[in-house]
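Participant: Per full-length UniProt numbering: the sequence shown = residues 1 to 127.
Heads up, the beta-carbon is just placed ideally off N, CA and C, and yes, glycines get one too.
Here the structure is a predicted model, which means the values were calculated and not measured.
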Amino acid sequence: MRFTIIATFAALTTYCWFLLKVGQARRTFGVEAPKTTGNADFERIFRVQQNTVEQLVLFLPSLWIFGFYVSDVLAGLLGLGWTAARALYAAEYYADAKKRGPGAALTFVIGIVLLIGGTVGALMKGA
């Protein structure tokens, strides 16, 4: 499962980067915790981090199910693609929230492929 582990590491490291950016943005824009609003630039950075948490709930279990039942190598490649899509989403969102579509869509599609593929693989191996 080494490729699944590498993809997991990449995704969680990227998430940690987004988390650190929120802390930095709080200082830069003067948004003290627990506030999450008040400055549009801060809010975009915060939403990238929060949306990534929301997407990790779908992504991580699906990645591991797919890696175990279908293919570790393919799970790793899809997982790295997911992380790249998250980085694209972040760059798009930081620049203009209305332009986040391609990164968001690609992230979602990869998550669904992992979920459906992993579920089908698990059901076929159990049969």
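How many angstroms separate the CA atom of F9 from the CA atom of L63?
Facilitator: 12 angstroms
Participant: Helix or strand or just coil, what does DSSP make of Q71?
Facilitator: In the sequence as presented, Gln is not what sits at residue 71; that position holds Ser. Correct three-state label for S71: coil.
Participant: How would you write the range of the alpha helix (DSSP H) that R100 sits in, first residue to last?
Facilitator: Where R100 is concerned, there is no enclosing alpha helix (DSSP H), given that its DSSP letter is neither H nor E.
Participant: Compute the Euclidean distance between the alpha carbons of K125 and A33, then round it to the nearest angstrom.
Facilitator: Whole-angstrom Cα-Cα distance: 48 angstroms.
Participant: Near F108, what residues of its chain come up, given a Cβ to Cβ distance below 7 angstroms and the 5 sequence neighbours on each side ignored?
Facilitator: Correct list: empty, nothing qualifies.
Participant: Is A25 buried or exposed, if buried means 16 or more other CB atoms sit within 10 Å of its CB?
Facilitator: buried
Participant: Just to confirm, are R44 and Y94 a CB contact at a threshold of 7 angstroms?
Facilitator: Taking 7 angstroms as the cut-off, the Cβ atoms of R44 and Y94 count as close.
Participant: At which residues does the alpha helix (DSSP H) containing A33 begin and terminate?
Facilitator: A33 -> no alpha helix (DSSP H), and no H or E assigned at all.
Participant: Among the candidates L19, I116, T37 and G81, whose CA atom is the shortest distance from the CA of A105?
Facilitator: Of the candidates L19, I116, T37 and G81, the one whose C-alpha sits nearest the C-alpha of A105 is G81.
Participant: Does the distance from the CB of V22 to the CB of Q49 come in under 7 angstroms?
Facilitator: yes
Participant: Would V73 be called buried (16 or more neighbouring beta carbons within 10 Å of its own) or exposed?
Facilitator: exposed
Participant: Taking A87 and T4 to be in contact with their CB atoms under 8 angstroms, please state how far apart those CB atoms are, rounded to whole angstroms.
Facilitator: Between T4 and A87 the Cβ distance is about 19 angstroms, and since that is not below 8 angstroms, they are no contact.
Participant: Exposed or buried, which one is I116 when buried takes at least 16 other CB atoms within 10 Å?
Facilitator: exposed
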